[in-house]
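K.L.:
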Amino acid sequence: MAASCVHLALLLCLIAPATAASPRSLRKPPLDATTPSLAGALAPTTIFEVDRPLLPPPGSSGPCSTPLLSASFGFTFTKPPATAAYTPPSCLVAAGGRASAISLAVLEWRATCRGVQYDRIFGVWLGGAELLRSCTAEPTSNGIVWSVSKDVTKYASLLAAGNSTLAVYLGNSVNSDLTGVYHANVTLHLYFRRAPPPPVAPATAPADLILPMSRGLPLNDGLWYQIQSAADVQSATVSLPPNAYRAVLEVYVSAHGDDEFWYDNQPGADHGAFREVTVRVDGVLAGAAWPFPVVYTGGLNPLLWQPITGVGSFNLPTYDIELTPLLGKLLDGKPHEFGFAVTNALDMWYVDANLHLWLDPRSTATTAGLVGYFAPEVDTYTVSSNSGIPANATYYTAANRRFSATGWVNSSYGNITTEATQTLDFVNTITFETLNQSTVARDGVNATDHAAGGVLYSVQTQRNFPLYVEFQTEQITVVHGLDETTVAAGRWSSGPAYRSLRTTQSSAADGGERVSSRQTYRYEATDGCYFRNVSSSGVRVVSDQTNEVCGTGAAAAAKGGLVWN
Ligand SMILES: *[C@@H]1O[C@H](CO)[C@@H](O)[C@H](O)[C@H]1NC(C)=O
Ligand SMILES: *[C@@H]1O[C@H](CO)[C@@H](O)[C@H](O)[C@H]1NC(C)=O
Ligand SMILES: *[C@@H]1O[C@H](CO)[C@@H](O)[C@H](O)[C@H]1NC(C)=O
Ligand SMILES: *[C@@H]1O[C@H](CO)[C@@H](O)[C@H](O)[C@H]1NC(C)=O
Ligand SMILES: *[C@@H]1O[C@H](CO)[C@@H](O)[C@H](O)[C@H]1NC(C)=O
Ligand SMILES: *[C@@H]1O[C@H](CO)[C@@H](O)[C@H](O)[C@H]1NC(C)=O
Ligand SMILES: *[C@@H]1O[C@H](CO)[C@@H](O)[C@H](O)[C@H]1NC(C)=O
Ligand SMILES: *[C@@H]1O[C@H](CO)[C@@H](O)[C@H](O)[C@H]1NC(C)=O
13 MAASCVHLAL
23 LLCLIAPATA
33 ASPRSLRKPP
43 LDATTPSLAG
53 ALAPTTIFEV
63 DRPLLPPPGS
73 SGPCSTPLLS
83 ASFGFTFTKP
93 PATAAYTPPS
103 CLVAAGGRAS
113 AISLAVLEWR
123 ATCRGVQYDR
133 IFGVWLGGAE
143 LLRSCTAEPT
153 SNGIVWSVSK
163 DVTKYASLLA
173 AGNSTLAVYL
183 GNSVNSDLTG
193 VYHANVTLHL
203 YFRRAPPPPV
213 APATAPADLI
223 LPMSRGLPLN
233 DGLWYQIQSA
243 ADVQSATVSL
253 PPNAYRAVLE
263 VYVSAHGDDE
273 FWYDNQPGAD
283 HGAFREVTVR
293 VDGVLAGAAW
303 PFPVVYTGGL
313 NPLLWQPITG
323 VGSFNLPTYD
333 IELTPLLGKL
343 LDGKPHEFGF
353 AVTNALDMWY
363 VDANLHLWLD
373 PRSTATTAGL
383 VGYFAPEVDT
393 YTVSSNSGIP
403 ANATYYTAAN
413 RRFSATGWVN
423 SSYGNITTEA
433 TQTLDFVNTI
443 TFETLNQSTV
453 ARDGVNATDH
463 AAGGVLYSVQ
473 TQRNFPLYVE
483 FQTEQITVVH
493 GLDETTVAAG
503 RWSSGPAYRS
513 LRTTQSSAAD
523 GGERVSSRQT
533 YRYEATDGCY
543 FRNVSSSGVR
553 VVSDQTNEVC
563 GTGAAAAAKG
573 GLVWN
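Each residue of the sequence shown is one higher than the one before, starting from 13 at the first, in our numbering.
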């Protein structure tokens with residue numbers, strides 16, 4: 013991705029070094045008019061990421077749609093982000109102006125581009141807090157159009173907080189060969205609860221305050237921190253309000269340059285195939301994020317990602333780390349250091365974060381203490397079966413991490429003990445012609461009030477990120493997906509008690525540039541279901557089925573709870 017070429021605005025630095033004897037080709041030049049499968053395409057092509065429609069809760073009014081920013085990104089590399097003054101929309105003010113009036117907030121990015129251009133990473137920030145990390149679609153000479161809609165309800169406090177600045181950084185470069193200029197609009201769609209807003213559920217409704225951990229404007233770059241090596245730690249210094257009773261750190265992450273295809277890196281100079289983002293509070297490990305292997309729209313073979321873009325490429329996953337057990341050290345009103353690092357990193361990773369805080373409305377200070385902490389080093393090992401020819405060796409890498417922290421927080425809601433756990437199991441096998449990776453990440457949070465005798469909220473999440481790539485000299489096959497299951501319980505639990513998403517995309521291109529892709533998407537939750545099965549050949553959708561009927565599976569799973577496999 014070009015955005016990582018900080019010092020060299022040349023094409024050469026975009027091309028990942030390939031292993032001499034291997035059939036791997038991780039990045040090809042951008043699409044151009046001579047590509048056979050694009051010839052005769054109707055202009056412009058609509059590119060899309062398979063996702064469910066975002067529906068407001070029953071009884072909501074809206075949408076109230078407000079254009080936030082409109083910009084063209086030509087030669088924007090090493091230039092300031094595009095910015096616009098943000099004022100809470102008048103419909104939000106009319107609904108009382110409070111964050112709790114918002115039942116659903118959707119941020120929509122819509123863009124066009126025509127010509128030849130690389131895929132570019134971009135970010136959208138409000139008041140320094142990142143709202144969206146995304147990758148552009150790659151244009152063609154016939155032109156493309158695409159849009160991304162992201163549920164940003166969890167940022168309701170920022171949307172209602174008052175005037176601030178919306179910033180979009182999309183580092184693009186144009187010259188006689190790279191002609192594509194990205195034209196984009198950012199729009200906010202708000203839906204409201206029936207007035208008056210119902211009382212907010214403590215701890216599980218959107219946070220009362222969001223503190224950004226990013227680089228501040230003015231800046232000739234994205235607001236993300238840039239992590240350039242395994243030893244590089246980027247830090248934010250933040251003071252928390254003394255009446256916080258819950259804290260969750262939401263981490264944004266994307267890999268570029270020598271680590272764009274980190275999952276295919278061999279041991280040695282390339283640091284192998286395991287990466288994790290670690291977060292330290294005042295130097296002490298507070299949790300880790302295991303990245304989903306996002307394949308950007310120019311990755312492996314750009315034809316694979318038109319018209320159905322790769323899972324997560326238009327809306328990169330974010331990672332939540334529960335910090336409530338560690339609040340004991342953070343409520344003194346003093347500045348604390350939040351450090352971000354990437355295990356085994358090569359140049360470079362873009363990382364920033366938002367600290368979501370819930371505040372006690374009935375006290376000016378809460379108190380907290382840590383009662384348990386278990387954070388052994390990540391356990392990794394690599395075995396290579398070397399046939400004497402490095403390119404033909406098989407590399408097997410496995411990594412495991414266990415983390416747990418338990419702490420109490422006394423507030424007007426009671427003396428609540430929160431236990432946060434993280435479990436990672438990672439396996440990666442690289443052979444001459446294949447790459448096979450599995451990441452299984454489990455996060456659990458249990459908040460209990462022992463005196464009141466019960467679980468206030470318990471959220472268990474399991475995410476699986478399977479990735480399989482077969483490289484042949486003239487062909488490439490990619491199968492990847494995201495399985496995510498969340499089960500919530502307890503008196504304070506708001507929102508769906510059960511939510512499961514399973515999506516798998518299989519794409520193949522051969523040397524003649526014949527491309528086909530298929531994706532199934534199955535969402536089953538207490539609040540509704542959505543299924544889609546879509547196939548494409550070249551840039552044409554050849555079959556597309558959707559339905560919103562909940563099968564018996566969802567109901568059974570909701571009753572039975574989450575079954576760890
Ligand atoms: C952006 O908004 C302007 C003004 O409404 C419109 O003319 C333009 O076509 C829009 N661009 C995209 C990419 O939607
Ligand atoms: C916020 O911005 C609007 C529009 O620019 C302006 O009218 C208003 O006075 C500002 N409010 C504050 C509190 O600065
Ligand atoms: C590596 O292995 C592949 C398949 O097993 C074989 O086709 C290729 O010739 C080997 N390469 C070298 C350099 O030996
Ligand atoms: C716990 O917090 C509440 C509310 O702030 C306060 O009234 C109470 O005294 C605290 N309990 C203890 C033991 O400090
Ligand atoms: C809260 O409960 C924990 C144990 O459950 C206890 O150690 C701590 O002293 C309590 N805090 C307050 C302020 O009562
Ligand atoms: C990929 O690895 C997983 C284990 O992590 C294994 O179950 C699966 O069969 C492998 N897939 C292929 C195509 O080899
Ligand atoms: C949290 O609660 C769930 C459901 O009650 C339970 O299955 C799980 O073992 C608990 N986890 C921890 C870490 O206590
Ligand atoms: C998806 O559609 C294809 C062809 O249209 C069909 O063969 C396949 O069985 C469908 N898959 C599911 C899970 O419905």
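Glycine included, each C-beta is placed from N, C-alpha and C at the ideal position.
Enumerate in chain order the residues of its own chain whose CB-to-CB distance from T451 is below 6 Å, with the five nearest sequence positions on each side excluded.
P.N.:
W302, F438, F477
K.L.:
Less than 7 Å between the CB of T379 and some heavy atom of ligand 5, yes or no?
P.N.:
yes
K.L.:
Is N8 close to ligand 2? I mean its beta-carbon at under 7 Å from any heavy atom of the ligand.
P.N.:
For residue 8 there is no data in the structure shown, the boundaries of the chain being 13 and 577.
K.L.:
In angstroms, rounded to a whole number, what distance separates the CA positions of V553 and F134?
P.N.:
27 Å
K.L.:
I need the boundaries of the beta strand (DSSP E) containing L367, first residue and last residue.
P.N.:
361-371
K.L.:
Given this structure, state the Cα-to-Cα distance separating T473 from A111, to the nearest angstrom.
P.N.:
26 Å
K.L.:
Got a sec? Which residues, its chain only, sit under 6 Å from T406 by beta carbon, not counting five neighbours each side?
P.N.:
S397, T443
K.L.:
Determine the burial state of D344: buried for a count of at least 16 other Cβ atoms within 10 Å of its Cβ, exposed for fewer.
P.N.:
exposed
K.L.:
By how many angstroms is the C-alpha of D522 removed from the C-alpha of G384?
P.N.:
54 Å
K.L.:
So, using beta-carbon positions, are D364 and L235 closer together than 8 Å?
P.N.:
yes
K.L.:
Quick check on the DSSP output: what are the complete alpha helix (DSSP H) runs of length 4 or more inside the segment 51-114, in order along the chain?
P.N.:
102-106
K.L.:
What distance in whole Å lies between the Cβ atoms of L358 and D282, which are believed to be in contact at a cut-off of 8 Å?
P.N.:
7 Å
K.L.:
Below 7 Å, is the gap between the Cβ of T580 and the nearest heavy atom of ligand 8?
P.N.:
Absent from the model: residue 580. The displayed extent of the chain is 13 to 577, so no value can be given.
K.L.:
Quick check on T429: buried or exposed, where buried means 16 or more other Cβ atoms within 10 Å of its Cβ?
P.N.:
buried
K.L.:
Over what stretch of residues does the alpha helix (DSSP H) that includes L315 continue unbroken?
P.N.:
That residue, L315, is in no alpha helix (DSSP H); it is neither H nor E in DSSP.
K.L.:
May I ask you to report which of helix, strand or coil DSSP gives G340?
P.N.:
helix
K.L.:
Decide if the segment 156-164 is in contact with the segment 87-100; the criterion is three or more beta carbon pairs, one per stretch, under 8 Å apart.
P.N.:
The segment 156-164 is not in contact with the segment 87-100.
K.L.:
Quick check: is any heavy atom of ligand 8 less than 7 Å from the C-beta of N545?
P.N.:
yes
K.L.:
Is the Cβ-Cβ distance between Y203 and L261 less than 8 Å?
P.N.:
no
K.L.:
Helix or strand or just coil, what does DSSP make of K166?
P.N.:
helix
K.L.:
To the nearest angstrom, report how far apart W158 and T497 are at their CA atoms.
P.N.:
28 Å
K.L.:
Please report the straight-line C-alpha distance between R511 and S375, rounded to a whole angstrom.
P.N.:
34 Å
K.L.:
Any C-beta of chain C sitting closer than 8 Å to the C-beta of T409?
P.N.:
The displayed structure is made up of one protein chain only, and chain C is not part of it.
K.L.:
When we look at the beta-carbon of G524 and count the other beta-carbons within 10 Å, is it buried (16 or more) or exposed?
P.N.:
G524 counts as exposed, since fewer than 16 other C-beta atoms from the protein chains shown sit within 10 angstroms of its C-beta.
K.L.:
Taking just the CA atoms, how far does L252 sit from S519?
P.N.:
46 Å
K.L.:
Could you tell me the distance, in whole angstroms, from the CA atom of L43 to the CA atom of N187?
P.N.:
16 Å
K.L.:
For G139, which residues of its own chain have a beta-carbon under 8 Å away from its beta-carbon, when the five flanking residues on both sides are left out?
P.N.:
A distance below 8 Å between beta-carbons, with the five flanking residues on each side excluded, links G139 to the following residues of its chain, in chain order: Y98, L170, A173, S176, T177, P224.
K.L.:
May I ask whether a heavy atom of ligand 5 can be found less than 7 Å away from the beta carbon of W504?
P.N.:
no
K.L.:
Would you give the residue range spanned by the beta strand (DSSP E) that Y237 belongs to?
P.N.:
237-239
K.L.:
With H, G and I counted as helix, E and B as strand and the rest as coil, what does DSSP make of A173?
P.N.:
DSSP places A173 in helix when its eight states are reduced to three.
K.L.:
Are the CB atoms of L494 and G324 nearer to each other than 8 Å?
P.N.:
yes
K.L.:
By how many angstroms is the C-alpha of D372 removed from the C-alpha of S548?
P.N.:
Each residue's CA atom was taken as its position, placing S548 and D372 some 51 Å apart.
K.L.:
State yes or no: is the C-beta of T516 nearer than 7 Å to some heavy atom of ligand 8?
P.N.:
no
K.L.:
Is T429 near ligand 5 - that is, is its Cβ less than 7 Å away from at least one heavy atom of it?
P.N.:
yes
K.L.:
Would N154 and F85 qualify as a contact pair, given that the criterion is a beta-carbon distance under 8 Å?
P.N.:
no
K.L.:
Please report the distance separating the alpha-carbon of E486 from that of T515.
P.N.:
27 Å
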